[in-house]
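Below is one structure, written out as C-alpha cells; comments come after it.
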C-alpha cells in the first residue's frame, strides 16, 4: 500500500508470522488499516506485504520483531520454484509461518525447516499457499509509521 501523497511511501504490516510460535493467519488487520512501515529503498510498495516475525525458530537469521517483505503472485497453491527457499506460508489450519520449504513424503505435503537446531522440523504439512521472502529488515532498522 502506498503512503500519503506528500509523505514517505509505506507498506502495510499485515500482522505476525510464526517462527516457532503458533500464530493464527496473519491478516490481523483490515486491508491497509494496520501499522505501516516506510518502504525500503529499491522496493516498490505495490503488491508487497510485510509481516512481523514472532518466535525464535529462525534464529540467527530472523529474530522476533524483524520484518519480512513478500509478494503473493498467487492466492492459492505452492509453486515448485519456492522449494528450498525461505518462505512466508499459511497451513491448512490457518497458521502463518516463516520456514524453509522442502517437498514432503506424501503428495501435497511439505516439510517446514527451521534454522535454529532446537526447533524441530514440521513434517507432512499441507499448505494453502507459500511465497518467498523478498526482503528482511531487522527490527532496529524498520521505521514504523501510524
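Residue numbers (the working numbering): 1 to 146.
For every residue, glycine included, the Cβ atom is placed at its ideal position computed from N, Cα and C.
Taking residue 115 and residue 82 to be in contact with their CB atoms under 8 Å, please state how far apart those CB atoms are, rounded to whole angstroms.
Position 115 of the chain shown, counted from the start, is the residue given in the question as residue 115. Position 82 of the chain shown, counted from the start, is the residue given in the question as residue 82. Their Cβ separation, rounded to whole angstroms, is 17 Å, which puts residue 115 and residue 82 out of contact at 8 Å.
Can residue 88 and residue 98 be called in contact, C-beta distance under 7 Å?
Counting from one through the chain shown, the residue named residue 88 turns up at place 88. Counting from one through the chain shown, the residue named residue 98 turns up at place 98. Contact flag set, yes.
Measuring alpha carbon to alpha carbon, tell me which residue in 40, 58, 123 and 105 is nearest residue 112.
Indexing the chain shown from 1 puts residue 112 at position 112. Nearest option by C-alpha distance: 123.
Suppose contacts are defined by Cβ-Cβ distances below 7 Å. Is residue 11 in contact with residue 64 by that definition?
For the purposes of this step, residue 11 is taken as residue 11 along the chain shown, with counting starting at 1. For the purposes of this step, residue 64 is taken as residue 64 along the chain shown, with counting starting at 1. No.
To the nearest angstrom, how far is it from the Cα of residue 107 to the Cα of residue 145?
One-based indexing of the chain shown puts residue 107 at position 107. One-based indexing of the chain shown puts residue 145 at position 145. Approximately 43 Å between the Cα atoms of the pair.
By the DSSP assignment, the beta strand (DSSP E) with residue 62 in it spans what residues?
Here residue 62 is taken as the residue at index 62 of the chain shown, counted from 1. Taken as a continuous stretch (DSSP letters only), residue 62 belongs to no beta strand (DSSP E), as it is neither H nor E.
Only counting the same chain, and skipping five residues up and downstream in sequence, which positions put a Cβ closer than 7 Å to that of residue 143?
Against the chain shown, residue 143 aligns to sequence position 143. Hits under 7 Å: 37 and 38.
By the DSSP assignment, the beta strand (DSSP E) with residue 89 in it spans what residues?
As a first step, residue 89 must be located in the chain shown, where it is residue number 89. Element bounds for residue 89: 86 to 91.
Which residues bound the beta strand (DSSP E) around residue 110?
Numbered from 1 along the chain shown, position 110 holds the residue referred to as residue 110. Counting along the chain, the beta strand (DSSP E) containing residue 110 begins and ends at 110 to 113.
Return the Cβ separation of residue 94 and residue 41 in integer angstroms, given the expectation that the two are a contact with Cβ distance under 8 Å.
The residue given as residue 94 occupies position 94 in the chain shown. The residue given as residue 41 occupies position 41 in the chain shown. About 34 Å separates the two Cβ atoms, so there is no contact after all.
Only counting the same chain, and skipping five residues up and downstream in sequence, which positions put a Cβ closer than 6 Å to that of residue 59?
Here residue 59 refers to the residue found at position 59 of the chain shown. Only 116 meet the Cβ criterion.
Is the Cβ-Cβ distance between residue 133 and residue 43 less than 7 Å?
Start at 1 with the first residue of the chain shown, and residue 133 comes out as number 133. Start at 1 with the first residue of the chain shown, and residue 43 comes out as number 43. Contact flag unset, no.
Does the Cβ-Cβ distance between residue 125 and residue 91 come in under 7 Å?
Taking the first residue of the chain shown as 1, we reach residue 125 at position 125. Taking the first residue of the chain shown as 1, we reach residue 91 at position 91. Their beta carbons are under 7 Å apart, which means residue 125 touches residue 91 by this criterion.
Is residue 102 buried or exposed, if buried means 16 or more other CB atoms sit within 10 Å of its CB?
The sequence position of residue 102 within the chain shown is 102, counting from 1. Residue 102 is exposed by the Cβ-count criterion.
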